[in-house]
Structure formats: structure tokens, C-alpha cells
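Reading through the C-alpha cells given below for one structure.
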Amino acid sequence: MKGDTPTALKVIAARYPDLVDRFVVQIYQPEDYPLARALGFDEVIWALYRYAGDDDDVLLWLRHMDLNGLSPPEPDARGGLALRALEETGVLSWPHTNNDPQVVRGLKARGIGEVMTDGLAPNDPG
């Protein structure tokens with residue numbers, strides 16, 4: 047859904063109404079969140095790499111969303127947004143994509159819940 051997210055959400059909901067609750071959708075702008083929820087998507091992740099706002103903007107939006115997770119680019123995760131999001135809103139962050147167990151350990155120390163990876167097993171990062 048990297049193109050037109052609102053249209054993609056509508057198509058999925060129309061074509062697969064009985065399966066909407068099985069999808070984990072990713073939004074790129076906070077304005078897409080109400081539509082995702084209205085269409086019945088309960089599992090929503092907000093990917094930040096297309097969002098132009100700063101960390102304070104992200105935290106303000108998070109207070110008005112019930113997300114499964116936030117997906118900051120790794121530099122943001124290292125910069126403290128992940129920990130602030132967890133402490134201030136309870137939202138876990140899942141940066142992408144990381145395949146280095148040592149880096150993942152460092153990210154988890156900064157408040158990361160999990161990472162999106164191409165190949166690490168669940169217990170690789172330790």
C-alpha cells in the first residue's frame with residue numbers, strides 16, 4: 047500500500063469484508079487512521095518515513111490513535127522517539143528493516159518493542 051493508502055484500504059475492505067480483521071495495515075499519514083478504523087481495520091501500524099512532522103507532532107497524534115505500533119526509521123528510533131512514544135503513549139515501535147542482532151539489542155535498549163527483519167529469528171537479538 048505504498049501508493050494511495052486510502053484507496054487501497056477501501057479496495058481491501060470492499061473485496062475482503064470477512065477478512066478485514068485479519069489484516070495489519072500500515073498507514074503513512076495520521077489522516078489515514080480514521081478511515082482505516084472506520085473500514086474495520088483494528089490492526090494499524092504507522093510508518094513514519096513519509097511523515098514530515100517532528101517527534102512532538104508524532105507524539106501528539108499518537109494520543110488520538112489506538113495503534114498496534116509505530117514504525118520509525120532506525121535513526122528516529124535511536125534518537126529517542128521510540129522510548130518517548132512508549133513512555134508517553136504506551137505505543138511500541140518497530141523500526142525497519144534491521145538484520146544485525148547487535149544493532150537490534152541497542153535499539154531495544156532505546157525502547158524498541160521489536161524490529162522488522164528479513165531474517166533474524168525471534169531469539170537472535172538476545
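With our numbering as the guide, the letters of the sequence shown map in order to residues 47 to 172. We put the CB at the ideal spot given by N, CA and C, even for glycine.
Straight-line gap, L94 to D64 (C-alpha atoms, nearest Å):
Rounded to whole angstroms, L94 to D64 spans 29 Å at the Cα level.
Please report the residue range of the alpha helix (DSSP H) in which W107 lies.
Unbroken alpha helix (DSSP H) run through W107: D101 to L108.
Let me know the secondary structure DSSP gives G115 once reduced to three states.
The DSSP-derived three-state label of G115 is strand.
Could you give the first and the last residue of the continuous beta strand (DSSP E) run that contains A93?
Per DSSP, A93 is one residue of the beta strand (DSSP E) stretching across E89 to A93.
Kindly identify the DSSP beta-bridge partner or partners of V70.
As a beta-bridge residue in DSSP terms, V70 pairs with E89.
Determine, using beta-carbon pairs with one atom in the segment 52-59 and one in the segment 73-81, whether at least three such pairs fall under 8 Å.
Touching, yes.
Using a 10 Å radius around the Cβ and a threshold of 16 neighbouring Cβ atoms, would you call A173 buried or exposed?
Residue 173 falls outside the range modelled here, since the chain spans only 47 to 172, and no answer is possible.
Cβ pair G49, V66 closer than 8 Å
With a cutoff of 8 Å on beta-carbon distance, G49 and V66 are scored as not near each other.
Compare the beta carbon distance of I91 and Q75 with 8 Å and say whether it is the shorter of the two.
With a cutoff of 8 Å on beta-carbon distance, I91 and Q75 are scored as not near each other.
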